[in-house]
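Residue numbers (the numbering used here): 67 to 318.
So this is what it looks like as structure tokens:
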């Protein structure tokens, strides 16, 4: 499509349902790897990144059931492999965040770096430093991160050098099954982080302070299944509201 032709002057009125937030749904799918029981995520948007994450879970043997309304049910206890290959991780950086849940729940994981064997600073360095602070042993080999921990991860104080949404979410997930208290400082404050914390708490985690610069997680022995509805996409919602306001209309 080379152009869009819009004939204005019409008042926009009506009621519609905003799609679920992609950035929220895409992090809740790997979060389900923490649970011993099935986790159901509803209001999941039908987007390529979501499909990629579901394919990644499936490649590890995780049973994923999707209905016609895009309710996604994840059975992490069916997992058979603990490797996330480059051909999937390269297409969606958020898929790297399966590392923390796999490590916290199963004690080991092997996940491709989003950029493969790129030399120099990596976009996931904040993630790796956080996991190491929790006691993970991390090695790099042929563009893959190989992580292990003896027993459980250990609670720690983690300071992010930069405010990172993915890093905040990643370490918050891993810390839910750590032994003791974890304090994350200089956290990102996006609403998707609050939504993830709500989902984790519904699974039995103890996460406080999401949405502020300091998040505290008290680790638990195990997490259960839950049903959680993804928040609405704020960009899509805002676009509809602005369109209605700009045309003198009314929208719900």
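For glycine and all other residues, C-beta sits at the position ideal for the given N, C-alpha and C.
What is the residue span of the alpha helix (DSSP H) that residue i lies within?
i: residue 118; result: 114-125
i: residue 128; result: That residue, residue 128, is in no alpha helix (DSSP H); it is neither H nor E in DSSP.
i: residue 235; result: 231-241
i: residue 260; result: 257-268
i: residue 154; result: 152-155
Taking all protein chains shown into account, decide if residue i is buried (16 or more other Cβ within 10 angstroms of its Cβ) or exposed.
i: residue 72; result: exposed
i: residue 210; result: buried
i: residue 184; result: Because the pLDDT at residue 184 is just 49, under 50, the model does not fix this residue reliably, and the point stays unresolved.
i: residue 261; result: buried
i: residue 110; result: buried
i: residue 206; result: exposed
i: residue 228; result: exposed
i: residue 314; result: exposed
i: residue 153; result: exposed
i: residue 186; result: With a pLDDT of 45 at residue 186, under the threshold of 50, the modelled position of this residue cannot be trusted, and the question is left open.
i: residue 301; result: exposed
i: residue 178; result: buried
i: residue 312; result: exposed
i: residue 291; result: buried
i: residue 202; result: buried
i: residue 294; result: buried
i: residue 70; result: exposed
i: residue 76; result: exposed
i: residue 127; result: exposed
i: residue 74; result: exposed
Can you tell me the Cβ-Cβ gap for residue i and residue j, rounded? I've got them flagged as a contact below 8 angstroms.
i: residue 250; j: residue 230; result: Between residue 230 and residue 250 the Cβ distance is about 10 angstroms, and since that is not below 8 angstroms, they are no contact.
i: residue 100; j: residue 243; result: 6 angstroms
i: residue 130; j: residue 124; result: 6 angstroms
i: residue 88; j: residue 299; result: 7 angstroms
i: residue 204; j: residue 224; result: Incorrect: roughly 14 angstroms between the Cβ atoms, too far for contact.
What first and last residue would you give for the beta strand (DSSP E) that runs through residue i?
i: residue 309; result: Residue 309 -> not in any beta strand (DSSP E); alpha helix (DSSP H) instead, spanning 300-312.
i: residue 85; result: Counting along the chain, residue 85 falls outside any beta strand (DSSP E), and DSSP gives it neither H nor E.
i: residue 247; result: 247-251
i: residue 140; result: 138-141
i: residue 224; result: 223-225
So who's on the other strand from residue i, going by DSSP bridges?
i: residue 214; result: 174, 203
i: residue 294; result: 107
i: residue 273; result: 283
i: residue 316; result: 79
i: residue 101; result: 289
i: residue 12; result: Since the first and last residues shown for the chain are 67 and 318, residue 12 lies out of range.
i: residue 278; result: 276
i: residue 322; result: Look at the range of the chain in this structure, 67 to 318, and you will see that residue 322 is not part of it.
Sorry if obvious, but does the Cβ on residue i come closer than 7 angstroms to a heavy atom of the ligand GDP?
i: residue 91; result: The ligand GDP is not among the ligands present in this structure, which contains no ligands whatsoever.
Review point. Pairing CB atoms from the region 144-152 with CB atoms from the region 163-174, are three or more of them under 8 angstroms?
Key: yes
Practice item. May I ask you to verify whether the region 190-197 touches the region 262-282, counting CB pairs closer than 8 angstroms and requiring at least 3? Key: no
Exercise for review: Report yes or no: do the region 274-281 and the region 103-112 share at least 3 C-beta pairs separated by less than 8 angstroms?
Suggested key: no
**Study point:** Three or more C-beta pairs below 8 angstroms linking the region 88-96 and the region 146-164
**Key:** yes
Check your understanding: Looking at C-beta atoms only, is the number of pairs between the region 294-309 and the region 113-129 that lie closer than 8 angstroms three or more?
Key -> no
Review point. So does the region 72-85 actually touch the region 242-256, counting three or more Cβ pairs closer than 8 angstroms?
Key: no
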